[in-house]
Every structure is written in structure tokens, then in C-alpha cells.
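Worksheet for the structure shown next.
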Amino acid sequence: MRSFKNSISAIKYLIIALAVILLVWLLPAFYELLTPRTDKMPFVVYSCLDSTFIRFETNENKQVQYIDFKGREFTKSEADSLLPLFAFRQLVAEGRLPDSLYGVALTPKMIQQNSFHFKTSLKQLNKPAVGLYTMIESASGQVDLQLPPDVFRLTDEGLEFIDCETNTVNRAKSLSFSRELTKQGFKFPVHLIWGNGTTRKEYDNGFLLTDAEEHLFQLKMVKGMPWVRKIKDNGKNGCYRRIFTIEPANRQLIGLAVSSDDRLWAIRSDATMQRIGDFHMPMSASAKEKMVNTITIVGDLFHWTITLYTTTDTRYYAVDARTFEQIACEIVPDPAEPLSRRLMRYLLPIRLRFTSWHSQLIYPNINDD
Amino acid sequence: MIKAIFYKEWLKTRLLWFIAVVSHVGLVVYLLLSLRSTLLSHGTVETWATMIGRDTLMIGRLTYLPLLTGVILSLCQWLPEMVQKRIRLTLHLPIDYTRSVTAMLLFGFIGLSVLFMLDASLLAVVEQRWLPRELVWRIFLTCLPWYIAGLLGYSLAAWCILEPQWRGRCFNMLISVPLIALCFLTTQPACYIYMFPWLIALLLVATILPLYSVYRFKLGKQ
Numbered sequence: 002m003r004s005f006k007n008s009i010s011a012i013k014y015l016i017i018a019l020a021v022i023l024l025v026w027l028l029p030a031f032y033e034l035l036t037p038r039t040d041k042m043p044f045v046v047y048s049c050l051d052s053t054f055i056r057f058e059t060n061e062n063k064q065v066q067y068i069d070f071k072g073r074e075f076t077k078s079e080a081d082s083l084l085p086l087f088a089f090r091q092l093v094a095e096g097r098l099p100d101s102l103y104g105v106a107l108t109p110k111m112i113q114q115n116s117f118h119f120k121t122s123l124k125q126l127n128k129p130a131v132g133l134y135t136m137i138e139s140a141s142g143q144v145d146l147q148l149p150p151d152v153f154r155l156t157d158e159g160l161e162f163i164d165c166e167t168n169t170v171n172r173a174k175s176l177s178f179s180r181e182l183t184k185q186g187f188k189f190p191v192h193l194i195w196g197n198g199t200t201r202k203e204y205d206n207g208f209l210l211t212d213a214e215e216h217l218f219q220l221k222m223v224k225g226m227p228w229v230r231k232i233k234d235n236g237k238n239g240c241y242r243r244i245f246t247i248e249p250a251n252r253q254l255i256g257l258a259v260s261s262d263d264r265l266w267a268i269r270s271d272a273t274m275q276r277i278g279d280f281h282m283p284m285s286a287s288a289k290e291k292m293v294n295t296i297t298i299v300g301d302l303f304h305w306t307i308t309l310y311t312t313t314d315t316r317y318y319a320v321d322a323r324t325f326e327q328i329a330c331e332i333v334p335d336p337a338e339p340l341s342r343r344l345m346r347y348l349l350p351i352r353l354r355f356t357s358w359h360s361q362l363i364y365p366n367i368n369d370d
Numbered sequence: 080m081i082k083a084i085f086y087k088e089w090l091k092t093r094l095l096w097f098i099a100v101v102s103h104v105g106l107v108v109y110l111l112l113s114l115r116s117t118l119l120s121h122g123t124v125e126t127w128a129t130m131i132g133r134d135t136l137m138i139g140r141l142t143y144l145p146l147l148t149g150v151i152l153s154l155c156q157w158l159p160e161m162v163q164k165r166i167r168l169t170l171h172l173p174i175d176y177t178r179s180v181t182a183m184l185l186f187g188f189i190g191l192s193v194l195f196m197l198d199a200s201l202l203a204v205v206e207q208r209w210l211p212r213e214l215v216w217r218i219f220l221t222c223l224p225w226y227i228a229g230l231l232g233y234s235l236a237a238w239c240i241l242e243p244q245w246r247g248r249c250f251n252m253l254i255s256v257p258l259i260a261l262c263f264l265t266t267q268p269a270c271y272i273y274m275f276p277w278l279i280a281l282l283l284v285a286t287i288l289p290l291y292s293v294y295r296f297k298l299g300k301q
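As you go down the protein sequences, you meet chains A and B in turn. All residue numbers for the first sequence refer to the numbering used here, where the first residue is 2 and numbers rise by one. All residue numbers for the second sequence refer to the numbering used here, where the first residue is 80 and numbers rise by one.
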């Protein structure tokens, strides 16, 4: 009887515990709903003519302002002139596109071919992988890329192609691709892999993948056969944290990589790597204090503007598009937290969440604002 | 005695079980036919590519059915006991009332678990003919929180219904709704992988809560 009464009081405590857990979850959630943050991330591009970053900011009247970090404000027409490679369509329409820049003759087609955009965020990256990949034919001879009749999975011994129509393993193709990788020095199992499985692109650079010994390889399918090459890592330290396959229109790059020392690398189409700029971009959860949440790259013929949105500030870097040397840097600390948010930290010192700003996974986390 | 309680619960809920099995199997068959139709009309290659690249699994219609079944079963099983005060008879049976109520709860849990397993197995067995194991597993991981919501909904609804006081019932409902909402925090596939241990712990806690309501009823709280 006594033990039964103990059980009943244990249930009471459990109910109280549940109520408390729900309060520390729901109160901050409701508070945030009532006091939404209106942080705006301005779009920033480096001006090759003025050697300055120009911010595109929307003011309270919903009008776009063009301002540099020295506080100079420009009209739309002035901003277009300062960013001829970014605003070339407008300049062409107005007949104001310069004939040449830094001794390079400019044509709209050439500008377009050398424009490059890249964006990714931790939220996009941190989600459960399907474990199936689509290997597109890279040299079909057709203008439009076609989906292949199979997908592949990674095993400890190699790649395994599964025919979509029959849902069975294509042993011959699996063996052929696995053997070719091994022949080029690839040590299974695959550690990291990245490819763009979409057919909505001009051409295909296949997959970048790292092996058990942290060497980087490119794998493509050319005329139905495997095409593998090892990427020379040019002094990169340690292993790879992230790799991305890219397909820029000028075909000069095949990918980007983030090394374990938080450096960003460009992977050129001649299978060499080059460090981009002189900055760090921590993208791991262990570096929570200063973690890069989102990275955007806007590239043109002469420069890349790299924007890193970190947990404490926004960092803008301009690098030379050919040598990848850093030529300008601007670090803008995040604006002071609004009073409502500071108040929340005092009023609700323990805040439980099940969703996260840096992951799509659902799990309990405390004070991960 | 336990057998007799199970039989009594079966007599009380057999029509509901029939409707539940028909609606669950019906919906799963509909989902499978719809997947087959997509595979045939859009092509297997395109359908696989969409499922892999766009986080689409074509099972969205199943989301709230397990929860609905769990809550309706709970209502059918426990509401007549409270409205007509039949629960008093159960509490006066010549066995410990915790055992008799546990047996009644167990009837619901076993029934729901079998129904949900039937759903999941039917989906998995048929889908594995058309889809690679990675996609079948992904579909299972996506459905699992919905099935846990069904079991949670059953026990939390029982906790609310068996509570003898309206004030307590409102408090229980205030707790139950957000607890069930924990199973529906995202529409992204397979994102609950790290949450399952917590949901299972919560389910274990939720299974014993109806006993507390019955204890309060027996104490004579009105």
C-alpha cells in the first residue's frame, strides 16, 4: 500500500515536471511570436571601380538605398555605374556599359558567363541525407541534361547502382565505377560526397568525394563510363569539413571546399585547389561562439564578394576572381539585441526548443537562440 | 478476469475497430495506388529523382490519421465509463483496480500498435517492390512520429476523460495538446531521428497518467 502511495506521488511529480518542461518550451515560443525580430540582411557587392562594398538596403518606405561602409549614399544610377558587371543589363539598356574594364573588352555575354552565385546555410546542410545519388551523363552531346535510368548508393566496398525500372542492383555498372575509383587510388568507404543531381543546369561536373584517407576526387559519368581524377590539395591542412560541387558558366571551377582549419578553397577545373582569401569560416557546431550560419558568394569577371553571416557579425570579403587573393574586408557586428530579446533572457533564463536555427533535425536544445 | 476485461472492451469497441481498420488500410492502399499511378504516369526515374531531391515522400495524407484513431478509440472506450459511471463497476471487481484499468489500457495499446504495424508493414512490403530501401526507410522514419502521436493521443485522451473534476480535465488538456504537438514539429522527412528516445520516454510516462486519474476518481474527487 505504501509503495502504491509512493507511486502516486511519483506520478504527481511527473505531471509537474511535464508542466514545467512545457512552460520552458512554450513561454519563450509565444514571447518570440509576440516580439518578432525584423533583422534585415543587406545585399552587398564589391565595386571594382570604387574599391568599396556597396550595400543594398531597403528603408522604412520600402525604397532601396545604395550605401557604402563609409556612409556615402548613391543614387540607383550611380550605383549601377559603380557596379558595371553586376548591373550590366541596366547599363546595356541605357547604353552606358563600358567598352572595356582594366584592359578587358566587355560584352554582355562575357559578363554573364563570368557571373557566379553560390549560397548555402547550415540549416540547408544539416538535414538527414537520403543516401541515394543521381549520376548524370556529363557528355551526352545533348544541350539538355537527362536524368539517368539509375541512382547509386554508397557501400563500404564501392558504389552500387540501382536500376529505377527494376529496383535491382546493376552489378556490372557498380563494379565498373568502383574499380575505376580504386584504380585512381581511391580508398573506400566514401567519407564526404556532394553533387548537384538536378538537370536544370548548363552542364554537369559530377561528384566530388573524399575517401577514407581524406583525399579528394572528382567522379563523372562520360559516355556511360566512369571518369575519375584526384584533386591536388596544394598545401591544404587536415581533412575536409564540407565539399560542394559547382557548375559556373565559365567552367573554370568544379567546386568549393571547407577544410578542417575552417579555410575556404576553390577547386579549379585543372584539378588543383587554391585557398580563397585569408579568412576563417567555422561551420561546425563545436565552434558555436562564432559559427558561420550562411555563406553567399557573388562573383563576376574580376572579383568575388563573399558574405559570411556568423553568429555575432556579418563579414564581407572581396577576393580577386583569378588569384583568389583577398583585397578587401569589412566586418559589421550584429546590431545590439532589441530590448525585448534582452528582457526575454532575464525573464525566461531557461528556453527549451525542439527546432534549431542551424539544423532541420528535431531535438531538444536549451538556450540555443 | 483479464481475459474477460479484454472481451468486454472488444464488445464495446468492435465497431470502431472495424472502421479504423477499413480507414487505415483504405488510406494506405490509396497512398500505394497513388504512388503507383505517379510511377506509371511520370516515370520511375522522375519519381525517384523527386523523392530524393525534393524531400517529397507522397505520404502527407497519413499525418493525422493515427492521432485521430487513438483519440477516437480513447473516447469510445472511456467516455461511456465516465458518463454512465460504469467505471465504478470495474473498480469494484474482485481484482486490484490498477490491474483492471491497466488491462483496459493495454487492450487499447495492443490494438493500436497492431493496427499501426499493419499500416507500416503494408506500406513497407509493397513500397520495397518499387522503391530502394533507403526511401522505404525514410518513409518509415517520417511516419513513426505520427504513429507515436496516435499512442500518445490515446493515453492522454484517457487521462483527460478519466479525470473526475472539470478543472483537472482542463489542466490535463492544456498539457496534452502541446505534448501531442511535439510529434508534428516539422514536415521535413526523417528529421525526428534524435527525438525518438525522448518521444518513447514521453509515451511511457503518458501510459501511466490515466491510472492517476482513476486513483483520483476512486478517492471520490467530484
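Note that beta-carbon positions come from the ideal geometry of N, C-alpha and C, so glycine has one too.
Counting of Cβ neighbours within 10 angstroms places C249(B) among the exposed residues, the total staying below 16. If you check the CB distance, K221(A) and D234(A) do not come in under 8 Å. Looking at L309(A), H304(A), I268(A), Q275(A), the one whose alpha-carbon comes closest to that of P283(A) is L309(A).
For F97(B), no pairing in a beta bridge is given by DSSP. In the three-state reduction of the DSSP assignment, C222(B) falls in the helix class.
About 5 Å separates the beta carbon of P145(B) from that of Y226(B), a gap short enough to meet the 8 Å contact definition.
For S122(A), the beta-bridge partners assigned by DSSP are T295(A). DSSP lists E161(A) as the bridge partner or partners of R154(A). In the three-state DSSP reduction, T286(B) falls in the helix class (H, G or I). For T295(A) against S177(A), the beta-carbon gap comes to about 39 Å, at or over 8 Å, which does not count as contact. Judged by DSSP secondary structure, Q327(A) falls outside any alpha helix (DSSP H) and instead within the beta strand (DSSP E) spanning 327 to 334.
In the DSSP secondary-structure assignment, F218(A) is bridged to L210(A), K231(A).
The beta carbon of E203(A) does not come within 8 Å of any beta carbon belonging to chain B, so the residue lies off that interface. For the region 256 to 275 of chain B, the set of positions with a beta-carbon nearer than 8 Å to some beta-carbon of chain A reads P257, L258, L261, L264, T265, Q267, P268, A269, C270, Y271, I272, Y273, M274 in chain order. Non-local C-beta neighbours of A269(B) in its own chain, meaning closer than 6 Å and more than five positions away in sequence, comprise R217, L220, T221, ordered along the chain.
Residues of the same chain with a CB within less than 8 Å of the CB of L158(B), apart from the 5 flanking positions on each side, are I240 in chain order. Against chain A, the beta carbon of L168(B) has no neighbour under 9 Å; the closest one sits roughly 22 Å away. In the structure shown, the three-state DSSP call for M274(A) is strand. Interface annotation, C165(A): in contact with chain B, CB-CB separation under 8 Å. Looking from the CA of C330(A), the closest CA among S48(A), I163(A), E61(A) belongs to S48(A).
Under the three-state reduction of DSSP output, V25(A) falls in the helix class.
Interface with chain B (8 Å Cβ-Cβ cutoff): K124(A) is excluded.
Rounded to the nearest angstrom, the gap between the Cα atoms of P211(B) and I163(A) is 8 Å. Not flagged as an interface residue toward chain B: F162(A), since no C-beta distance is shorter than 8 Å. Proximity of G186(A) to chain B, defined by a Cβ-Cβ separation below 8 Å, is not satisfied. In this structure, the CA atom of R342(A) is about 48 Å from the CA atom of L148(A). Proximity of chain A to I218(B) at the Cβ level (cut-off 8 Å) is not reached, the minimal Cβ distance being about 11 Å. The beta-carbon of L210(B) is placed less than 8 Å from the nearest beta-carbon of chain A.
Of all residues in the region 110 to 133 of chain B, those with a C-beta nearer than 7 Å to a C-beta of chain A are T123, V124, E125, W127, A128, I131, G132, reading in chain order. Boundaries of the alpha helix (DSSP H) around I254(B): 245 to 260. Minimum Cα-Cα distance from L94(B) among the listed residues C155(B), L114(B), T135(B), L141(B) corresponds to C155(B). If you draw a straight line from the Cα of V124(B) to the Cα of L257(A), it is about 29 Å long. The beta-carbon of V152(A) is placed less than 8 Å from the nearest beta-carbon of chain B. The distance from the Cβ of G186(A) to that of K231(A) is about 6 Å, consistent with a contact at the 8 Å cut-off. Annotated three-state conformation of E58(A) is strand, per DSSP. Only I287, L288, L290, Y291, Y294 from the region 285 to 299 of chain B bring a Cβ to less than 8 Å from some Cβ of chain A.
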